[in-house]
Amino acid sequence: MDAQAFVPKVQINVQIAVQNVLNVALDVVHAQEIVVLVVLMAVLIVKLVAHRDILNIRTNKKEINQLNNNRKKNKEIMKQNKEGLRMNKEDQSKMSRKEKLKNNREQNMNRKKD
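Each number in my numbering corresponds to the 1-based position in the sequence shown with 660 added.
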């Protein structure tokens with residue numbers, strides 16, 4: 661075998677080997693970039709979920725405050741209604757029997773009209 665025919669084959673084999681090494685290195689770099697992208701996307705998703713939860717908590721606090729305010733208003737209205745009923749009972753107890761019957765008749769007539 662002659663040496664001159666052997667040199668180009670070795671040269672081609674070395675070039676192919678270098679190309680393979682470079683391709684592997686490039687694949688490693690791409691893999692690292694992909695890993696970095698995946699990690700960044702995961703961080704972004706976590707931040708978005710946390711932000712959404714914070715917004716939900718704020719909304720829930722507003723709703724709770726609104727419900728508490730409504731509950732306070734309802735308690736006040738109930739007190740006023742109880743006071744009004746008590747006043748009506750006192751007024752009715754002061755009325756004579758005839759006045760009570762007259763009021764009952766009027767209430768019954770009003771109910772029938774409705």
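C-beta atoms are modelled at their ideal positions from N, C-alpha and C, and glycine is treated no differently.
How many angstroms separate the CA atom of residue i from the CA atom of residue j?
i    : j    : result
N709 : G744 : Residue identity check: residue 709 is Val in the sequence provided, not Asn. So the alpha carbons of these two residues sit roughly 52 angstroms apart.
M769 : N729 : 39 angstroms
N764 : R746 : 18 angstroms
N734 : H711 : 35 angstroms
K762 : K749 : 16 angstroms
S753 : Q726 : 40 angstroms
L686 : I714 : 42 angstroms
Q692 : V699 : 11 angstroms
N683 : I676 : 10 angstroms
K707 : M701 : 10 angstroms
V695 : V689 : 10 angstroms
E736 : S756 : 32 angstroms
K722 : N716 : 10 angstroms
K773 : T719 : 47 angstroms
Does DSSP classify residue i as helix, strand or coil?
i    : result
S756 : coil
Looking at chain B, is there any beta carbon in it that lies within less than 7 angstroms of the beta carbon of residue i?
i    : result
N770 : Structure shown: chain B not included; a single protein chain is present.
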